[in-house]
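Peer 1: In order, the protein sequence lines correspond to chains A and B. Numbered according to the working numbering, the first sequence spans residues 515 to 756. Numbered according to the working numbering, the second sequence spans residues 700 to 1089.
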Amino acid sequence: MAALLLLQDICKSYYLGEEEQPVLRNINLTVAAGEFLAVLGPSGSGKTTLMNIIGCLDVPTCGHYVLDGISVDTLNEKEMAKVRNRKIGFVFQNFQLLPRLTALGNVELPLVYSGLKTVERRARATAVLEQVGLGEKLRSYPNQLSGGQQQRVAIARAMVTNPAIILADEPTGALDQTTGQQIMELFGELNQAGSTIIMITHNREVAKVAGRTVRILDGELIEGGEARARRNYRYVRRQYRP
Amino acid sequence: MLGEIIGMSVANIVHNKTRSLLTILGIVIGVASIIALMLIGEGAAGNISSQLSGLGGNKLTVQISGTPIKRTLFEPDLRAIAEKPDVVAVSPATSSRAAVVYGSSRRNNVLIAGRSYSLFDSGQQTVASGRGLMPLDVEGRSRVAVLGSSLATALFGNRSPEGDEIIIAGQRFVVIGVLQEASGFAIGSLNNSVVVPYNVSERVVPNTRVSSLDVFFAEGADVTTVQADTEAALLQIFDGRDSAFAITNQQEILDIVQSITGTLTAMLAGIAAISLLVGGIGIMNMMLVSVTERTNEIGLRKALGAEPMQIMIQFLIESVILCLLGGFVGILLGGALAYLGAVLIGFPFVITAGPVLLAVGFSVTVGLVFGLAPARKASRLNPIDALRYV
Ligand SMILES: Nc1ncnc2c1ncn2[C@@H]1O[C@H](COP(=O)(O)OP(=O)(O)O)[C@@H](O)[C@H]1O
Ligand SMILES: [Mg+2]
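(1) Please confirm if residue 1016 of chain B has its CB atom under 8 Å from at least one CB of chain C.
(2) Who does residue 528 of chain A pair with in a DSSP beta bridge?
(3) Taking Cβ positions only, does residue 614 of chain A come closer than 8 Å to chain B?
(4) Using DSSP bridges, identify the partner residues of residue 578 of chain A.
(5) Are at least three pairs of beta-carbons, each pair with one atom in the stretch 718 to 738 of chain B and one in the stretch 975 to 985 of chain B, less than 8 Å apart?
(6) What is the C-beta distance between residue 865 of chain B and residue 800 of chain B, in whole angstroms, given that I count them as a contact (C-beta under 8 Å)?
(7) Is there a Cβ from chain B that is less than 8 Å from the Cβ of residue 598 of chain A?
(8) Quick check on this structure: which residue in B/859, B/817 and B/938 has the alpha carbon closest to the alpha carbon of residue 767 of chain B?
(9) Touch check for the stretch 648 to 656 of chain A and the stretch 678 to 693 of chain A: three-plus C-beta pairs under 8 Å?
(10) Considering only the alpha carbon of each residue, which of A/698, A/687, A/587 and A/724 lies closest to residue 557 of chain A?
(11) Grouping DSSP H, G and I as helix and E and B as strand, with all else coil, what is residue 552 of chain A?
(12) Please identify the residue among A/544, A/550 and A/540 whose C-alpha is closest to the C-alpha of residue 708 of chain A.
(13) Checking the sheet assignment: what are the DSSP bridge partners for residue 870 of chain B?
(14) Since residue 930 of chain B contacts residue 955 of chain B with CB under 8 Å, what's their CB separation in whole angstroms?
(15) Determine contact between the stretch 809 to 816 of chain B and the stretch 888 to 902 of chain B, defined as no fewer than three beta-carbon pairs at a distance below 8 Å.
(16) If you check the beta carbons only, do residue 785 of chain B and residue 925 of chain B fall under 8 Å apart?
(17) Hey, is residue 583 of chain A's beta-carbon within less than 8 Å of any beta-carbon in chain B?
(18) Listing by chain order, which chain B residues have their CB less than 9 Å from the CB of residue 639 of chain A?
(19) Indicate, with yes or no, if ligand 2 has a heavy atom lying under 7 Å from the CB of residue 1084 of chain B.
(20) Decide if residue 740 of chain A is buried, meaning its Cβ has at least 16 other Cβ atoms within 10 Å, or exposed.
(21) Any beta carbon from chain B within less than 8 Å of residue 732 of chain A's own beta carbon?
(22) Using beta carbons (cut-off 8 Å, strictly below), is residue 1083 of chain B in contact with chain A?
(23) Going by other Cβ atoms of all chains shown within 10 Å of its Cβ, with 16 needed for buried, is residue 727 of chain B buried or exposed?
(24) What is the residue span of the beta strand (DSSP E) that residue 945 of chain B lies within?
(25) By the 7 Å beta-carbon criterion, what residues does the stretch 947 to 977 of chain B contribute toward chain A?
(26) Going along chain B in order, which residues have a C-beta closer than 8 Å to the C-beta of residue 604 of chain A?
(27) Measure the alpha-carbon distance for residue 465 of chain A versus residue 646 of chain A and round it to whole angstroms.
(28) Can you round the beta-carbon distance between residue 757 of chain A and residue 605 of chain A to whole angstroms, since I take them to be within the 8 Å contact cut?
(29) Can you tell me which residues form a DSSP beta bridge with residue 1059 of chain B?
(30) Between residue 599 of chain A and residue 611 of chain A, is the Cβ-Cβ spacing less than 8 Å?
(31) Taking 8 Å as the CB-CB cut-off, is residue 880 of chain B touching chain A?
(32) What are the complete alpha helix (DSSP H) segments, minimum 4 residues, inside the stretch 701 to 774 of chain B?
(33) Pull the bridge partners of residue 797 of chain B from the DSSP assignment, please.
(34) Does the beta-carbon distance from residue 712 of chain B to residue 1016 of chain B come in below 8 Å?
(35) What residue does the beta strand (DSSP E) around residue 1027 of chain B start on, and which one ends it?
(36) Please list, following the chain, all residues that have a C-beta closer than 5 Å to any non-hydrogen atom of ligand 1.
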């Protein structure tokens, strides 16, 4: 059983002038298909930076990253765009919907870049929106939807390409508690249905929904490390034993 | 894919209506001037060459200033020129002014145009009703008159004037026809004048003489030979004084006209080029602003899988659509200007595919050239920075 996602000795530094600022140090992480992983850590610990690397939006300073059998380090910009389009679904804290497109238009957007025909695109986007409970809101614009509904549209957009992983960066950060709870339940359902989810959060309560949690502090996976990675590997093996 | 991108571009342009309109103004002006100048140029060129060609396509124009001894030309002189090889017709012209009276209607200072039957024979002029001058009218020095259309209306109203008598410079004339109306302010229009046999006008109005002569020659004849023959005949008529006349052939006139229109065209083309340049810079500016404003959108599209080339194409298409919009408005505006010019100056208004295609081509080119830098900027945005930009 190969891991769906494999981070090996990943580090990332920013440079402020001459001074090197390490943001991620020596990250080792394995995620198997079907897992729901929460990455928990305080603000400024490097969670978003890690997600950007996992999401192929950013490249690490050192280390190796293999996603669904693809060695991402070696890809050029165009190939990275293809990987983002086919393999990854993003859910952002601030929804990131395009205000001038309807819910349907927003969900169709990734499929536009996949080069799908209009009819097929519309059918798939409609189906996913119905799945997240927005079958009645296909023609609504983001400003006509509540925060929770907007985040559902964003989740539908992340799912529509049937990606290998859904990456969510603090998806409940901008929502009230009840709505946040409902969104977490939706993520739980998606995971039950087979989606692999990596969720970033600084909220322990939120992390409880996930099947597995890793902590990040000052750019280091503290409950991970070598020992944790081995345990993870056993966990993965156990899950996927036929 | 392309359909979506075009749809999104149009939506963006519509969303920023005012800004888009102001931005395309330069393109509108540039394209309008290209269209106007090309359409007017084509109309004018067509008009001038059709005016110059006449029937059979070939003619010489002779200005007669005469000598103190011989001030005008007579029938034998005209016959001498007409008998030269290849000469088809000789058409003299006098012009003088006199009062024209019909009953109680009177028009002062009317242009009395003395002509020969060849004016009508050659097809240069046709009649709306009645008949034109015939050889017998000229040979018999008949007191007959063909009225210009405006003059006919001024004197006779709606009644048919043929057969009625009018008084020109105190002499009785019989109206035999009315000229076909010439359009607008066409140069040399006879709308307000009266045509009589040239040799009659010389007798009736004091100080009238043949001041110019059209010499028509056969199709395919050699211009220089005919011109030399005509010159020889005229030298004989005027006793060797070459200052008594000046011959111009069509080609010379055409050359002069073309050099004038060429200069005008170059000037207008310069104006068009400058406004297209300014318009293009305007487009570039707006597109750069648009890229900055939509940094977040660009980052999101990249996160969702847009390749740099696809982002670039999106912004290029938007810039081209803006320019095409400007081009389209410019074509309408330029067409309207050309139409106005055609009506005022009296050129025929013809709209041809050439200028329209050229304008469309210019618009697309400006859009591509000036949209390139903003589109590249957009395509190179780092998605993380772009997404953070909220
Ligand atoms: N582009 C950047 N340049 C310099 N420093 C950065 C940049 N992006 C993030 N950082 C720094 O990296 C650290 C981790 O940031 P981030 O991954 O956003 O944390 P989190 O998402 O856990 O709050 C922070 O100290 C932040 O200031
Ligand atoms: Mg963060």
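Yeah, the Cβ is synthetic: ideal placement off N, Cα and C, and Gly gets one too.
Peer 2: For this structure:
(1) Among the protein chains of the structure shown, namely A and B, there is no chain C.
(2) A/535
(3) yes
(4) A/522
(5) yes
(6) 7 Å
(7) yes
(8) B/938
(9) no
(10) A/687
(11) strand
(12) A/550
(13) B/867
(14) So it is not a contact: roughly 20 Å between Cβ atoms.
(15) yes
(16) yes
(17) no
(18) Here the premise fails: no neighbours, minimum Cβ distance about 13 Å.
(19) no
(20) Legend: pLDDT at residue 740 of chain A = 40, less than 50; position of this residue unreliable, value from coordinates given subsequently. Result: exposed.
(21) no
(22) yes
(23) buried
(24) 944 to 948
(25) none
(26) 1002 and 1003
(27) Nothing can be reported for residue 465 of chain A, as the shown portion of chain A is limited to 515 through 756.
(28) Because chain A in this structure spans residues 515 to 756, residue 757 of chain A falls outside the shown range and cannot be described.
(29) According to DSSP, which records beta bridges pairwise, residue 1059 of chain B is partnered with nothing at all.
(30) no
(31) no
(32) 701 to 714 and 716 to 752
(33) B/809
(34) no
(35) It is not in any beta strand (DSSP E) - residue 1027 of chain B instead sits in the alpha helix (DSSP H) that spans 1007 to 1044.
(36) A/528, A/537, A/557, A/558, A/559, A/560, A/561, A/562 and A/563
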